[in-house]
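The listed protein sequences derive, respectively, from chains A and B.
The numbering of the first sequence is this note's numbering, which starts it at 14 and goes up by one.
The numbering of the second sequence is this note's numbering, which starts it at 4 and goes up by one.
Notes for the one structure printed next.
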Amino acid sequence: MADLSLKDVAKAYGEVKILSGINLEIKSGELIVFVGPSGCGKSTLLRMIAGLERISGGDLTIDGQRMNDVPPALRGIAMVFQSYALYPHMTVRDNMAFALKIAKKSPQNIEKAVENAARILQLTPYLDRLPKALSGGQRQRVAIGRAIVRDPKVFLFDEPLSNLDAALRVATRIEIAQLKEAMPDRTMIYVTHDQVEAMTLASRIVVLAGGGIAQVGTPLDLYDRPETEFVAQFIGSPAMNLLPGTVVKTGAQTTVELAGGGIARSHVPTRPADLGLAVNIGVRPEDFHPTDGAGIFSGTVAIVEALGEVSLLYFTPEKGAPAMIAKLPGTHADLRHRQVTLGADPAKVHLFHAGRSLLYR
Amino acid sequence: MEQLAFATGTIVAGVFACVAWFWGSNWLLDAVFPARGPQAGANILRANMIRPWLFIGPAVGFLAVYLVYPVLNSVWRSLHDAAGHDWVGLENYAWLVRDAKFREAIWNNMLWLAVVPALATLFGLLAAQITDRIRWGNVAKSFIFMPMAISFVGAGVIWKFIYDYRPEGQAQIGLLNAIWTGLGQAPETWLTLPFWNNFFLMAVLIWIQTGFAMVILSAALRGIPEETIEAAILDGANPWQVFFRIKVPQIWGTIAVVWTTITIVVLKVFDIVFVMTNGQWGTQVLANLMYDWMFRGAPDYGRGSAIALVIMALVTPIMVWNIRNARKEMR
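Here it is, written out as structure tokens:
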């Protein structure tokens, strides 16, 4: 059980600021996922919580205790590394027992903790093997086991699945979800660049960008109500389409006349003063549907990617306009090189002004 | 001046001959089996079969002349009398077993073996670990490595000064005696001090070999994945535990290679003893004993060769093991 809080946390290497103004309250039992483009500092933030990097400013508290200067081993955390970081000269058993041996726990207790973790992770038959005699998935389970035996208050995962192949990644992801369920009072922080991991595992997602937090929320919050164009485009794949336009009618529903000629209606409310405001409308590829009447967008299909359950339509970019993508259910190979008009449900049309959503004002 | 010119000439000629051989033989091979025409494929295959032999041929040839032949000749000589005329069977080896000086040399060699590789490796390991962590580590490293550049004879001369003795009342120019008399003791002739003088000689080799051990082990330490160390820190290990339980076990293979390499140097140790005590006062070692019999006074090639073969018999198994281990490390 641990509440973890970051207050105004910052990281700088000399003059170079990596992170600043990080404020985050994590409640006991949450699984928080840090996502963001590479270089956004998500791993650095995790390593600061672990104690592997110094915190340059602000406070980290776990259960109300300030942890900035507490040595890593005494913070009540355990970390699972991307590269597993198993001790190559120790058997699986010794790898998992190492922390407890250092802590001078009794041999019976160590044995019990290791056997227990091995059972949960189905590693019992491999306890006396060296890491090099294990597969990638097994190694990652040993790394997780090493964290479990320490019975930490907070688990930290640093891209734990990115060294596994696709099938194993899915299987291990589900194992981690089950592990979380089996330990409902343990807090977990998970760093990934994989959206699917973030969406499926997280109780809340923290999107990091530009040295700070872009948005915090449940996965569906971020998907349905992104605060900024950046979050809107970062969450969801393919990324949300953005089209420039001008507000022509305000009220509970907003009408936007698009630079490309179309008309879009959105359920995002606007004030009378917004009339004539330059906005970007955002529509996710999966929210587009072909229409016969006046739509939001009309263009020529350049390429169709048939994925079986859905098809991705890539439109030829008009001069000055961004490339558009639509995701339609079923197969649509016949649409290539054809003129298609797309519409969208007003409930699914987002409005952004100067990069920020008009929902949040 | 004449010597200098001769040495320069030899170097230039040697390098030129090497280049000429490798370039010339390669050119000839390509001329005989040109990589074009209807036979191009077969020619390339044939040329590639021959090329390695052209390139390693000279090395193999020189090894045969300067290594294999002397070994065989030594075996032959060790079975003959002092002048190399009459067959004496194993008489030279029987003499070895009975000879007190030989037993002293063997015993001293074992002493060297027990002390020098262990201490040189240990100091090297510590130096590697410490210099990796401090800002002026690279400067410290070059100083520790520098003795490697000094010949054993030079090192012997330097350390002879350190152990130098002047009668009481005179100024002590030897560092050790200067400190010793500074502590209020009477000056000591360190190199004649029975038993302990062996250790004063060993200090010289440890001084030289620590740099070697440090360089190799420093590279090995840097090869350890950083995450395993971070994981150990998170697991609560203190710096000592990280070093001895995480780092050292991961570089055991390299430590073994360094250890055995120094072991081989120790078994062959000659110059230091020759320069500093010449095997007197109970400091005799095998290589110096061999030199004594081979080239001093009335040379006895039989006995000298027998001692040489004993040294070779001691070195060879370690060498084989060492090479195997080094190969394993490289994989």
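We put the beta carbon where it would ideally sit given N, CA and C, even for glycine.
The structure presented is a predicted model; accordingly, all values stated were derived computationally and were not measured.
Under 8 Å, Cβ to Cβ, is there at least one residue of chain A near residue i?
i         : result
GLY92(B)  : no
ILE258(B) : no
GLY12(B)  : no
GLY226(B) : no
PRO252(B) : yes
LEU220(B) : no
LEU237(B) : yes
ALA234(B) : yes
GLU5(B)   : no
ALA85(B)  : no
GLU230(B) : yes
ALA240(B) : yes
GLN244(B) : yes
For residue i, which residues from the same chain have a beta carbon less than 8 Å from its beta carbon, with the 5 sequence-adjacent residues on both sides left out?
i         : result
THR165(A) : Note that residue 165(A) corresponds to Pro in the displayed sequence, not to Thr. These residues qualify, in order along the chain: GLY89, ILE90, ALA91, ARG199.
ARG142(A) : THR104, VAL105
ASP237(A) : none
ILE176(B) : PHE164, ASP167, ARG169
ARG122(A) : According to the sequence provided, residue 122(A) is Asn. The question's Arg does not apply to it. So the qualifying residues of the chain are LEU113.
Using a Cβ cut-off of 8 Å (strictly closer), state whether residue i contacts chain B.
i         : result
LEU140(A) : no
LEU65(A)  : yes
ALA307(A) : no
TYR100(A) : yes
ILE115(A) : yes
ALA367(A) : no
PRO85(A)  : yes
MET109(A) : no
PHE94(A)  : yes
ALA91(A)  : yes
ALA112(A) : yes
Using CA atoms only, rank isn't needed, just tell me which of the options is closest to residue i.
i         : options                                    : result
THR263(B) : LEU31(B), LEU114(B), ASN112(B), ALA121(B)  : ALA121(B)
ASP358(A) : PHE301(A), PHE47(A), ALA190(A)             : PHE301(A)
THR124(B) : VAL260(B), ILE137(B), PHE277(B)            : VAL260(B)
ALA50(B)  : ASP167(B), ASP33(B), VAL118(B)             : ASP33(B)
LEU326(A) : GLY306(A), ARG297(A), ASP305(A)            : ARG297(A)
TRP193(B) : TRP90(B), TRP30(B), GLN283(B)              : GLN283(B)
LEU169(A) : GLU128(A), LEU140(A), PRO138(A), ILE39(A)  : ILE39(A)
SER216(A) : ALA25(A), GLY27(A), ILE45(A)               : ILE45(A)
ILE189(A) : THR213(A), HIS206(A), GLN208(A), ASP207(A) : THR213(A)
ILE226(A) : LEU32(A), TYR26(A), SER18(A)               : LEU32(A)
VAL352(B) : LEU270(B), VAL251(B), TRP24(B), GLN6(B)    : Since the first residue of chain B shown is 4 and the last is 334, residue 352(B) is not available in this structure.
TYR203(A) : ARG374(A), GLY356(A), ILE276(A), LYS55(A)  : LYS55(A)
PRO197(A) : ALA23(A), HIS350(A), GLU43(A)              : GLU43(A)
GLU107(B) : ARG306(B), GLY87(B), PHE198(B), ALA62(B)   : PHE198(B)
GLY368(A) : ASP347(A), ALA245(A), LYS30(A)             : ALA245(A)
Short of 6 Å in beta carbon distance, which residues of its chain neighbour residue i, apart from the five on each side in sequence? Order them along the chain.
i         : result
ALA13(A)  : The structure shown does not extend to residue 13(A), since chain A is modelled only from 14 through 374, so no value can be given for it.
ILE47(B)  : ALA38
GLY127(B) : THR213, ALA216, MET217, LEU220
GLN352(A) : THR313
Could you pull out every residue in the same chain whose Cβ sits closer than 7 Å to the Cβ of residue i, ignoring the five residues on either side in sequence?
i         : result
ALA222(A) : GLY49, PRO50, CYS53, PHE243
THR329(A) : GLY312, THR313, ALA315
PHE140(B) : Position check: residue 140(B) holds Gly in this sequence, whereas Phe was assumed. These residues qualify, in order along the chain: THR134.
ASP6(A)   : Residue 6(A) falls outside the range modelled here, since chain A spans only 14 to 374, and no answer is possible.
LEU272(B) : Residue identity check: residue 272(B) is Val in the sequence provided, not Leu. Only TRP115, LEU208, VAL288, ALA290 meet the Cβ criterion.
LEU178(B) : ILE165
ALA130(B) : ILE147, THR213, MET217
TYR72(B)  : none
PHE246(B) : GLN132
Determine the contact status of residue i and residue j, defining contact as a CB-CB distance below 8 Å.
i         : j         : result
LEU224(B) : ILE254(B) : yes
ALA85(B)  : TYR304(B) : yes
GLN228(A) : GLU210(A) : no
TRP162(B) : MET279(B) : yes
ALA63(A)  : PRO85(A)  : yes
VAL78(B)  : LEU312(B) : yes
ASP238(B) : GLY159(B) : no
LEU371(A) : THR283(A) : yes
ASN29(B)  : ALA309(B) : no
THR267(A) : LEU364(A) : yes
LEU19(A)  : LEU37(A)  : yes
GLU233(B) : LEU17(A)  : no
The stretch 147-157 of chain A / the stretch 92-104 of chain A touching (three or more Cβ pairs under 8 Å): yes
Segment contact, 8 Å Cβ cut-off, at least three pairs: the stretch 317-334 of chain A with the stretch 289-296 of chain A: With a cut-off of 8 Å, the stretch 289-296 of chain A and the stretch 317-334 of chain A do not count as touching, because too few Cβ pairs lie within range.
Stretch-stretch touch, CB-based, cutoff 8 Å, three pairs: the stretch 116-126 of chain A with the stretch 173-186 of chain A: no
Segment contact, 8 Å Cβ cut-off, at least three pairs: the stretch 227-240 of chain B with the stretch 191-206 of chain B: no
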